[in-house]
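Each remark here refers to the structure printed beneath this line.
See the structure below:
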């Protein structure tokens, strides 16, 4: 779908760039990042295709849904952020896992609020979404646990946890998976200093109070879930909070999952409603639902 749209945009982009300075970034904060030249091209394609749709920039849910669906069929690839020895902002719109898919969609959507969305605006938004307080100190600065990621957005007023109102089950937020399995993470392996930092973070996360929607109750609350809501799978694995994330996609009043799928190996929408998709998955207890404000 993206390549078909690219053909349509070629003339439009070249004309608009000369008139409005699309690729000029005067007075825009420069953000250091590791990326490929193709990433900025994809970003600009999305922005210009969005402008052609005449979507109101204030309609957050519509914008999230638009960007999320624009990236359909993008290849699923794990560990795209693990580049180099030093923690750096990595931008990759060519391939992504479930977490980076959600982050990329939200960061692009955030730039749509601006009169003239620029590439550096996107990178700055991605930095704020991915890292604690929008700052990179080291590996522990990244919001690795989804509960931590969600709670930071709740605290800064950019998101509400719909599942706190719809859910009936108390979530076990006592996380320890990363430090107890540090050998699985190259940055943590044999690095006692980083492990200690992560333990402090895990202890903080363990104090959070959250509710989740039992997977058997999803169908009963579907009418309260909207296109573009963030969906997180509550894990049954001890010490792990959320095992997978994506977006709600509403079709015929049923909630489907729009996500970077490790099964289809690309960004796709589940063939069956979310409630049915999770029915026989014993590793998932239910879902948390977040809504961008």
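Residue numbers (the numbering used here): 35 to 327.
For glycine and all other residues, C-beta sits at the position ideal for the given N, C-alpha and C.
| Asked | Found |
| --- | --- |
| Residue 234 - containing alpha helix (DSSP H), residue span | 226-239 |
| Residue 131 versus residue 119 - alpha carbon distance | 20 Å |
| For residue 300, the three-state DSSP class (helix, strand or coil) | strand |
| Where the alpha helix (DSSP H) through residue 164 begins and ends | 153-164 |
| DSSP three-state assignment for residue 248, whether helix, strand or coil | strand |
| Extent of the continuous alpha helix (DSSP H) to which residue 211 belongs | 211-214 |
| 6 Å Cβ shell around residue 117 - same chain, five flanking residues per side excluded | 68, 124 |
| Sequence-distant residues of the same chain with beta carbon closer than 6 Å to residue 248, five excluded per side | 203, 320 |
| Close-in-space but distant-in-sequence residues of the same chain around residue 46 (CB under 8 Å, 5 per side omitted) | Per-residue confidence for residue 46 stands at a pLDDT of 45, beneath the threshold of 50, marking its modelled position as unreliable; the derived number appears in the next sentence. Around residue 46: 82, 86. |
| 8 Å contact criterion, which residue 307 and residue 290 should meet: CB distance rounded | 6 Å |
| Chain-order list of residues whose beta-carbon lies under 6 Å from that of residue 232 (same chain, five-residue window excluded) | 174, 212, 213 |
| Nearest-angstrom Cβ-Cβ length linking residue 197 and residue 246, presumed shorter than 8 Å | 5 Å |
| Residue 178, DSSP secondary structure in three states | coil |
| Contacts around residue 122, its chain only, beta-carbon distance under 8 Å, and the 5 residues preceding and following it disregarded | 66, 67, 68, 170 |
| Run of the alpha helix (DSSP H) containing residue 77, from where it starts to where it stops | 71-87 |
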